[in-house]
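Novice: End of the sequence shown = 262 in numbering that gives the first Met the number 0, gap-free, step of one. My questions all concern the structure below.
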Amino acid sequence: MAKVAMLYDSSKCTACRGCQVACKQWNDLPGTLTKNTGSYENPPDLSPYTWTKIRFIEKYENGQMRWFFLAQGCMHCTDAACVKVCPTGALKHHPSGFVTLEQDLCNGCGYCTQFCPFHIPRLLTDRLTGKGKSFKCTFCMDRVTNGEKPACVKTCPPGAFSFGDRNDLIAKGRERALLMQKNGYPDANLYGDILLGGLGRMYVLLDKPEVYGLPANPVSPALTHVWQDWVQPLVGVSFGAAALATVAAFVIARRHINMEGVE
């Protein structure tokens, strides 16, 4: 099955945030109370209730300020750390390439929130029971698997989002980046075509990734291999040893996990 992907062209984005609204509407996500922090950017970050967000970046150069915009959301990595460390299989790759999240299987361990190199998944914990669930963009799997575009792509007024065959979007993104280089943005680039095995969410950026707060060379943390290479193989050898290792790993990791939301 051919891999699909999403391409976001930051040069076309007007920061209308229609994608944010469409994401909430389609996924039935509630609004959250926010406050003015001196920026048009709102809400301030992704959350269990906000899976897509436009980030505002201010860059001052030669006495002038430029605004850059970035649509934040799950990157749907081919080499996905979240998939590697998920102990229940709640996070997995769809045959079309994107990373799905099955809420029924999620046990709220929070590993995905800690190991994602882009810090995307968010953990919501119930104050009374202590049980948690992770949340992130699902690539609108229910729409995509029925021949529809993701909600954010469908609603974008200036056409900053594109969706389709990943190879076609790579060609389109590289061509657009080259055009922007010739039109006053020498550092314009296509981000995500080869990173982490290839991202399902790629960007045409007008400046270096670091300007947008993106890692230039994201890598899966070394500890992601502990579960995959050590704990999981133990299951076939000794269930008791695997259970003990799992509990120990959970306790150690849980002490360092920041709960992103409490209800």
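Every residue gets a Cβ at the ideal spot worked out from N, C-alpha and C, and that includes glycine.
On the CB-based measure, 16 or more other CB atoms within 10 Å of its CB, does Val-218 come out buried or exposed?
Specialist: Taking the first residue of the sequence shown as 1, we reach residue 218 at position 219. That one is exposed.
Novice: In its own chain, which residues sit with a C-beta less than 7 Å from the C-beta of Glu-101, not counting the 5 before and 5 after it?
Specialist: On the sequence shown, position 102 is the one that residue 101 refers to. Excluding sequence neighbours, Glu-101 sits near Ala-89.
Novice: So, using beta-carbon positions, are Leu-45 and Gln-71 closer together than 8 Å?
Specialist: On the sequence shown, residue 45 is found 46 positions in, with the first residue counted as 1. On the sequence shown, residue 71 is found 72 positions in, with the first residue counted as 1. Their beta carbons are under 8 Å apart, which means Leu-45 touches Gln-71 by this criterion.
Novice: Would you call the region 126 to 134 and the region 101 to 113 in contact, with 3 or more CB pairs under 8 Å?
Specialist: In short, these stretches touch, since the Cβ pair count reaches three.
Novice: Identify whether Asn-188 lies in helix, strand or coil by the three-state DSSP scheme.
Specialist: For this step, residue 188 is matched to residue 189 along the sequence shown. Looking at Asn-188 - three-state DSSP - the assignment turns out to be strand.
Novice: Below 8 Å on the Cβ atoms is my guess for Lys-11 versus Ala-159; work out the distance and round it to an integer in Å.
Specialist: Locating residue 11 in the sequence shown gives position 12, where the first residue counts as 1. Locating residue 159 in the sequence shown gives position 160, where the first residue counts as 1. So it is a contact: roughly 4 Å between Cβ atoms.
Novice: Helix, strand or coil, according to DSSP, for Ile-251 in the structure here?
Specialist: Start at 1 with the first residue of the sequence shown, and residue 251 comes out as number 252. Any reading at Ile-251 needs caution, since the residue's pLDDT is 49, under 50, leaving its predicted position unreliable; the model's value is listed next. The answer is helix: DSSP assigns Ile-251 an H, G or I state.
Novice: Is Asp-167 helix, strand or coil by DSSP?
Specialist: Position 168 of the sequence shown, counting from 1, holds the residue named residue 167. The answer is helix: DSSP assigns Asp-167 an H, G or I state.
Novice: Which first and last residues belong to the alpha helix (DSSP H) in which Tyr-110 is found?
Specialist: Along the sequence shown, one-based indexing puts residue 110 at 111. Here the alpha helix (DSSP H) through Tyr-110 covers 110 to 114.
Novice: Determine the direct distance from the alpha carbon of Cys-76 to that of Asp-192, and round the result to whole angstroms.
Specialist: Here residue 192 refers to the residue found at position 193 when the sequence shown is read from its first residue. Here residue 76 refers to the residue found at position 77 when the sequence shown is read from its first residue. Going from the Cα of Asp-192 to the Cα of Cys-76 covers about 10 Å.
Novice: In the DSSP output, which residue or residues are listed as bridge partners for Ile-56?
Specialist: Sequence index remark: in the sequence shown, residue 56 carries index 57 (1-based). In DSSP, Ile-56 forms a bridge with Phe-67.
Novice: Measure the CB-CB distance between Tyr-202 and Phe-67 and report whether it falls below 8 Å.
Specialist: The count along the sequence shown starts at 1 and reaches residue 202 at position 203. The count along the sequence shown starts at 1 and reaches residue 67 at position 68. The answer is no: Cβ separation not under 8 Å.
Novice: Please classify Asp-125: does DSSP put it in a helix, a strand, or coil?
Specialist: The residue labelled residue 125 in the question sits at position 126 within the sequence shown. Asp-125 falls in the coil class under three-state DSSP.
Novice: I think Tyr-190 touches Pro-208, with their Cβ atoms under 8 Å apart; what is that distance to the nearest whole Å?
Specialist: Numbered from 1 along the sequence shown, position 191 holds the residue referred to as residue 190. Numbered from 1 along the sequence shown, position 209 holds the residue referred to as residue 208. Sure, about 6 Å apart at Cβ, within 8 Å.
Novice: How would you call Tyr-59, buried or exposed, if buried means at least 16 neighbouring beta carbons within 10 angstroms?
Specialist: Position 60 of the sequence shown, counted from the first residue, corresponds to residue 59. The residue in question, Tyr-59, is exposed, as its Cβ has fewer than 16 Cβ neighbours within 10 Å.
Novice: Assign Arg-16 to one of three DSSP states: helix, strand, or coil.
Specialist: For this step, residue 16 is matched to residue 17 along the sequence shown. Correct three-state label for Arg-16: coil.
Novice: Is Val-218 helix, strand or coil by DSSP?
Specialist: Here residue 218 refers to the residue found at position 219 when the sequence shown is read from its first residue. Residue state, collapsed to three classes: coil.
Novice: Suppose the cutoff is 7 Å on Cβ atoms and the five residues either side in sequence are ignored; what does the same chain contact list for Asp-186 look like?
Specialist: Translated into the one-based positions of the sequence shown, residue 186 becomes position 187. Contacts found: Asp-206, Lys-207.
Novice: If the criterion is Cβ atoms closer than 8 Å, does the pair Val-263 and His-92 meet it?
Specialist: Outside the displayed range of the chain (0 to 262) lies residue 263, so it cannot be described from this structure.
Novice: Please report the straight-line C-alpha distance between Gln-63 and Glu-57, rounded to a whole angstrom.
Specialist: In the sequence shown, counting from the first residue as 1, residue 63 sits at position 64. In the sequence shown, counting from the first residue as 1, residue 57 sits at position 58. Spanning the two alpha carbons is a distance of roughly 10 Å.
Novice: Starting from Asp-141, trace the alpha helix (DSSP H) in both directions and tell me its first and last residue.
Specialist: Residue numbering aside, residue 141 sits at position 142 when the sequence shown is read from its first letter. Per DSSP, Asp-141 belongs to the alpha helix (DSSP H) from 140 to 143.
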